[in-house]
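This report refers to the structure that appears directly beneath it.
2 protein chains.
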Amino acid sequence: MSSSEFQVTGMTCGHCEAAVRAEVEQVAGVENVDVSAQTGRLVVGGSQPIDDAAILAAVDEAGYEAASLR
Amino acid sequence: MSSSEFQVTGMTCGHCEAAVRAEVEQVAGVENVDVSAQTGRLVVGGSQPIDDAAILAAVDEAGYEAASLR
Chain B
1 MSSSEFQVTG MTCGHCEAAV RAEVEQVAGV ENVDVSAQTG RLVVGGSQPI DDAAILAAVD
61 EAGYEAASLR
Chain E
1 MSSSEFQVTG MTCGHCEAAV RAEVEQVAGV ENVDVSAQTG RLVVGGSQPI DDAAILAAVD
61 EAGYEAASLR
């Protein structure tokens with residue numbers, strides 16, 4: 001299981017978390033999504049390597065901005 | 001056209017507005033809904049009188065609290 005972390009800005013509530021989760025879950029290889037509006041932290045996991053750029057694009061699609069943390 | 005105003009607490013974003021709107025639109029007689037997360041103001045209009053208690057219940061169903069303003 002590999003995972004990647006991102007910092008998302010602009011989420012304010014559980015609906016925002018759900019919007020980000022819904023988009024990120026559609027990215028190829030994503031099997032697990034942890035997202036917190038309170039901290040802005042997004043952790044994405046899967047058994048295969050995941051394309052960080054695709055995650056950033058998915059967050060953008062949901063209407064938020066993200067930066068990769070590693 | 002009659003209208004009623006309510007003050008809603010807890011909305012933080014457009015998703016919250018949409019959640020409140022979706023529930024309030026289902027109340028009998030509601031033909032128009034204006035809702036703002038920024039101000040918390042909810043204005044509900046219709047050609048027939050609308051049951052304030054039903055609006056308060058709808059907002060509660062959406063996960064927020066409201067008080068009637070008149």
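Order-wise, the sequence lines are chains B and E. Per UniProt numbering, numbering of the first sequence is gapless, rising by one per residue and ending at 70. Per UniProt numbering, numbering of the second sequence is gapless, rising by one per residue and ending at 70. By construction, the Cβ of each residue, glycine as well, lies at the ideal position given by its N, Cα and C atoms.
Residues of chain E whose Cβ lies closer than 7 Å to the Cβ of threonine 12 of chain B are, in chain order, Thr12, Cys13.
Taking 8 Å as the upper bound for CB-CB distance, methionine 11 of chain E and glutamate 5 of chain E are not in contact here, some 15 Å apart. Taking each of B:Ala37, B:Ala19, B:Ser3, B:Arg41 in turn and checking the Cα distance to glycine 29 of chain B, the smallest one comes out for B:Ser3.
Within chain E, His15 have C-beta atoms less than 8 Å from the C-beta of alanine 19 of chain B, given in sequence order. By alpha-carbon distance to valine 44 of chain E, the top candidate from E:Gln26, E:Gln38, E:Glu61 is E:Gln26.
Residue pairing by DSSP places valine 27 of chain E opposite no residue, since no beta bridge is assigned to it. Between the alpha carbons of valine 24 of chain B and aspartate 60 of chain B lies a distance of about 10 Å. For aspartate 34 of chain B, the secondary structure class from DSSP, reduced to helix, strand or coil, is strand.
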